[in-house]
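Asker: Counting along the sequence shown from 1, when you hit position 50 you're at 53 in my numbering, and nothing is skipped either side.
Structure below; questions to follow.
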Amino acid sequence: NNVKFLTRNEEFSIKDVTYSFHGDMGVNGSRGSSAQYAKLGIKTVTGHSHSPKIIDGNYTSGVSARLDQGYNGLPSTWLHAHVLQYANGKRTLISIINGKFRADGNKD
């Protein structure tokens with residue numbers, strides 16, 4: 004009961020962090036990127052790239068599937084990682100490596 008799946012373009016924010024963008028679609032119909040979302044002037048969380056990163060106000064999660072999908076080669080920046088938002092609105096990346104996890108940063 005406490006899980007919400009968003010539809011495309013459905014607006015949803017928690018403590019001034021916007022979760023409305025998957026990350027695949029960018030400005031003016033271009034392909035999305037973490038750098039583009041960082042330039043929007045709002046705090047965002049995206050996930051499409053499968054590679055976790057923090058660029059200014061954008062946090063991008065990693066992948067929640069097998070790292071080897073058969074079409075992606077090595078080397079790769081893909082990583083099992085999730086964005087966690089604390090009650091005070093701060094965010095961090097949680098990296099999962101060999102079944103173990105740790106927080107990787109808390110920049111805002």
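Even glycine gets a Cβ: it sits at the ideal position worked out from N, Cα and C.
These numbers come from a predicted model, not from an experiment.
#1: According to DSSP, is SER16 part of a helix, a strand, or is it coil?
#2: Pair every Cβ in the region 23-35 with every Cβ in the region 93-103, then say whether three or more of these pairs are closer than 8 Å.
#3: Rounded to whole angstroms, what's the CA-CA distance from LEU9 to PHE15? Just pull it up for me.
#4: So, with DSSP's three-state summary, where would you put VAL6?
#5: With DSSP run on the structure shown, which of helix, strand or coil describes SER98?
#6: Along the chain, where does the beta strand (DSSP E) containing TYR62 start, and where does it finish?
#7: Can you name the residues that DSSP bridges to LEU87?
#8: Ignoring anything shorter than 4 residues, give me the alpha helix (DSSP H) runs that lie fully in the region 19-54, in order along the chain.
#9: Quick one: residues in its chain with C-beta nearer than 7 Å to the C-beta of ALA84, no 5 flanking neighbours on either side, listed in chain order?
#10: Within 10 angstroms of the Cβ of ALA41, are there 16 or more other Cβ atoms? Answer buried if so, exposed if not.
#11: Between the C-alpha atoms of GLY102 and SER33, what's the straight-line distance to the nearest angstrom?
Answerer: In short:
#1: Sequence index remark: in the sequence shown, residue 16 carries index 13 (1-based). The answer is strand: DSSP assigns SER16 an E or B state.
#2: Flag = no, the region 23-35 and the region 93-103 do not touch.
#3: Residue mapping note: residue 9 aligns to position 6 of the sequence shown, counting from 1. Residue mapping note: residue 15 aligns to position 12 of the sequence shown, counting from 1. Straight-line Cα distance between these residues: approximately 8 Å.
#4: Within the sequence shown, residue 6 is the residue found at index 3, counting from 1. Reduced to three states, the DSSP call for VAL6 is coil.
#5: Here the question's residue 98 lines up with position 95 in the sequence shown. The three-state reading of DSSP puts SER98 in strand, counting E and B together.
#6: Counting from one through the sequence shown, the residue named residue 62 turns up at place 59. From DSSP, the beta strand (DSSP E) with TYR62 extends over 61-63.
#7: Indexing the sequence shown from 1 puts residue 87 at position 84. For LEU87, the beta-bridge partners assigned by DSSP are THR95.
#8: Entirely contained in the region 19-54, the alpha helix (DSSP H) runs reaching 4 residues are, in chain order, 37-41.
#9: To locate residue 84, count along the sequence shown from 1; it is residue 81. If we look at ALA84 and ignore the five residues flanking it on each side, its Cβ neighbours are PRO55, SER64, GLY65, LEU96, ILE97, SER98, ILE99.
#10: In the sequence shown, the residue the question calls residue 41 occupies position 38. Under this definition ALA41 is a buried residue.
#11: Position 99 of the sequence shown, counted from the start, is the residue given in the question as residue 102. Position 30 of the sequence shown, counted from the start, is the residue given in the question as residue 33. In a straight line, the C-alpha of GLY102 is about 35 Å away from that of SER33.
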